[in-house]
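Working notes, beginning with the structure itself.
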Amino acid sequence: QKEVEQDPGPLSVPEGAIVSLNCTYSNSAFQYFMWYRQYSRKGPELLMYTYSSGNKEDGRFTAQVDKSSKYISLFIRDSQPSDSATYLCAMSAHDKGYSSASKIIFGSGTRLSIRP
Amino acid sequence: DVKVTQSSRYLVKRTGEKVFLECVQDMDHENMFWYRQDPGLGLRLIYFSYDVKMKEKGDIPEGYSVSREKKERFSLILESASTNQTSMYLCASSYGRTRLTYEQYFGPGTRLTVT
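Just so you know, the protein sequences line up as chains V and C, in that order. By the working numbering, the letter at position 104 of the first sequence is numbered 104, and the numbering carries on one by one without gaps. By the working numbering, the letter at position 114 of the second sequence is numbered 1114, and the numbering carries on one by one without gaps.
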């Protein structure tokens, strides 16, 4: 079983829809939860991060973490064609320094397409 | 603005060739990483380095080596390229031991095809 599972999609929704992207994980030591966005022919870039459980909002984007269920979500409100990209969830157990214990584990990514 | 650059966007090599992929970052980051990205498998860590001349194996180091002689530069070497190393290779960097390391800055990637 992979440490992080993510539905690869593709997911296609009309412009203006609410999008829900999800990941599940198995390692209860994870404390940092990130969402990266990757446009075609580009490297991933950090979109949002959350520490431990709870919600975090940034404009049209909301990240949600439920540690009891080992489940994280990214919601996109009023989706735009410019949101079309691959979204990767990522997780880390450690916050300082970089070691094997703190490495970031990435999901395989969900390809999202917003239809005009 | 952080910039991570990779030496080539596209590369075609023959089986058995020695391949060098170079990565340069301009933010004085301590940590640098090499990943490969394959459909359905996501990003898999090959090697990382947290200091000059320091390196640690990631999840899939077999068939690869790395070199970090200068802080800003991290090279990935395929000693004898094989067709199963055809992939997208992504370099990333991040701040070091005294800062939060959840944010990695990625280069645009090198799509390597081995024939």
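Where is the CB? At the ideal position from N, CA and C, for every residue including glycine.
Contact with chain V by residue i, beta-carbon distance below 8 Å
{"i": "residue 1045 (chain C)", "result": "yes"}
{"i": "residue 1078 (chain C)", "result": "no"}
{"i": "residue 1061 (chain C)", "result": "no"}
{"i": "residue 1089 (chain C)", "result": "no"}
{"i": "residue 1016 (chain C)", "result": "no"}
{"i": "residue 1011 (chain C)", "result": "no"}
{"i": "residue 1085 (chain C)", "result": "no"}
{"i": "residue 1072 (chain C)", "result": "no"}
Environment of residue i [buried if 16+ CB atoms lie within 10 Å]
{"i": "residue 12 (chain V)", "result": "exposed"}
{"i": "residue 1068 (chain C)", "result": "buried"}
{"i": "residue 108 (chain V)", "result": "buried"}
{"i": "residue 1084 (chain C)", "result": "exposed"}
{"i": "residue 29 (chain V)", "result": "exposed"}
{"i": "residue 54 (chain V)", "result": "exposed"}
{"i": "residue 1032 (chain C)", "result": "buried"}
{"i": "residue 1012 (chain C)", "result": "exposed"}
{"i": "residue 1094 (chain C)", "result": "buried"}
{"i": "residue 1115 (chain C)", "result": "exposed"}
{"i": "residue 1020 (chain C)", "result": "exposed"}
From the options, residue whose alpha carbon lies closest to that of residue i
{"i": "residue 1053 (chain C)", "options": "C:1019, C:1075, C:1111 and C:1091", "result": "C:1075"}
{"i": "residue 50 (chain V)", "options": "V:74, V:34, V:81 and V:22", "result": "V:34"}
{"i": "residue 1018 (chain C)", "options": "C:1111, C:1079 and C:1055", "result": "C:1079"}
{"i": "residue 61 (chain V)", "options": "V:24, V:42 and V:17", "result": "V:17"}
{"i": "residue 1070 (chain C)", "options": "C:1020, C:1030, C:1003 and C:1013", "result": "C:1030"}
{"i": "residue 1045 (chain C)", "options": "C:1114, C:1081 and C:1104", "result": "C:1104"}
{"i": "residue 1014 (chain C)", "options": "C:1005, C:1090, C:1027 and C:1081", "result": "C:1081"}
Cut-off 6 Å between Cβ atoms - residues of its own chain near residue i, not counting five sequence neighbours on either side
{"i": "residue 104 (chain V)", "result": "90 and 92"}
{"i": "residue 66 (chain V)", "result": "none"}
{"i": "residue 75 (chain V)", "result": "20 and 62"}
{"i": "residue 1026 (chain C)", "result": "1003"}
Cut-off 7 Å between Cβ atoms - residues of its own chain near residue i, not counting five sequence neighbours on either side
{"i": "residue 26 (chain V)", "result": "1, 3 and 70"}
Below-8 Å beta-carbon distance, residue i vs any chain C residue
{"i": "residue 44 (chain V)", "result": "yes"}
{"i": "residue 88 (chain V)", "result": "yes"}
{"i": "residue 72 (chain V)", "result": "no"}
Just list the beta strand (DSSP E) runs in the stretch 1082-1108 of chain C, keeping only unbroken ones of 3 residues or longer that don't cross its boundaries, in chain order.
For the stretch 1082-1108 of chain C, whole beta strand (DSSP E) runs of length 3 or above, ordered along the chain, are 1087-1094.
Enumerate, from N- to C-terminal direction, the unbroken beta strand (DSSP E) stretches of 3 or more residues contained entirely within the stretch 1033-1060 of chain C.
1042-1051 and 1054-1057
Report the residue ranges of all beta strand (DSSP E) runs contained in full by the stretch 9-45 of chain V; include only those spanning at least 3 residues, in chain order.
11-14, 19-25 and 32-38
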